[in-house]
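In my numbering, the protein residues as written are 45 to 256.
Built from N, CA and C at the ideal position, the CB exists for glycine as well.
Inspection log for the structure reproduced underneath, given as structure tokens.
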Amino acid sequence: MEIPNKYKVDISCWKRKEHYNFFKRFEQPFFGITATINCTEAYTYCKAYNVSFFLYYLHKSLLAVNQVKEFRYRIEQDEVIEYSHICGSITVLRNDETFGFAYFDHEQNFKTFASNTNAMISAEKIASRLTLKSNLNSLIHYSVLPGINFSSMQHAQMLSSGDSVPKIVFGRLSFEDERVLLPVSVHVNHALCDGLHLSKFFNIYQDLMQVT
């Protein structure tokens with residue numbers, strides 16, 4: 045899997061220095077927001093051209109992530125690191141009702157992304173072990189709950205691990221008044237990311253889902 049370049053953020057002159065020092069002491073520094081994305085145009089496009097809607101909205105979300113630099117920040121050995129770009133991992137449901145993790149690279153081109161990511165997911169579906177890349181921070185931890193149209197989400201976490209990787213979960217589509225709606229939950233470490241940055245992500249993601 046591709047390892048992006050990374051750069052140390054000079055905390056001493058960082059405008060969020062005090063916010064970082066404040067929130068990094070929290071036992072549970074993550075906070076989350078769940079919002080609904082209007083996917084009508086994207087869904088219609090995918091159905092018309094026989095494109096995987098799941099891979100389409102996954103790809104657009106990763107493009108949105110990479111446009112918000114705060115989503116590319118990580119805490120490593122008590123330093124703030126900015127990655128040049130972010131890749132992803134996603135839970136994959138297997139036939140025996142267990143799950144595994146598929147890892148995928150960042151790709152600007154959707155066809156390339158879809159081909160590579162679909163291959164990784166297909167391989168994980170027939171795997172039998174839980175393969176973890178716990179030391180890999182240049183990711184978004186993705187999951188999908190296609191059977192639940194949720195309005196909130198809480199993650200299991202090892203609070204002592206120093207985790208700073210954002211988590212994004214997609215829920216079940218709903219169809220209301222000729223609109224296709226997708227619930228999306230985002231959790232981030234508050235030492236690195238604020239509500240404003242989540243707003244930027246959701247706004248960019250919504251725009252990308254309206255452009256086909």
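Between Tyr117 and Gln254, the alpha-carbon positions lie close to 27 Å from each other. Nearest neighbour of Gly76 by Cα position, chosen from Asp251, His241, Tyr249 and Leu252, turns out to be His241. Its Cα nearest to that of Phe70, the residue Ser205 stands out among Ser205, Phe214, Ser218 and Phe246. If you draw a straight line from the Cα of Glu120 to the Cα of Ser172, it is about 31 Å long. As DSSP reads the structure, Glu126 sits in a beta bridge with Tyr51 and Tyr117. Look at Leu242 here: in three-state DSSP terms it is helix. Burial of Thr161 is indicated by the presence of at least 16 other C-beta atoms within 10 angstroms of its C-beta. Following the DSSP letters along the chain, one finds Tyr147 inside the beta strand (DSSP E) bounded by residues Phe143 to Phe148.
CA-CA distance, Ile248 to Val109, rounds to 9 Å.
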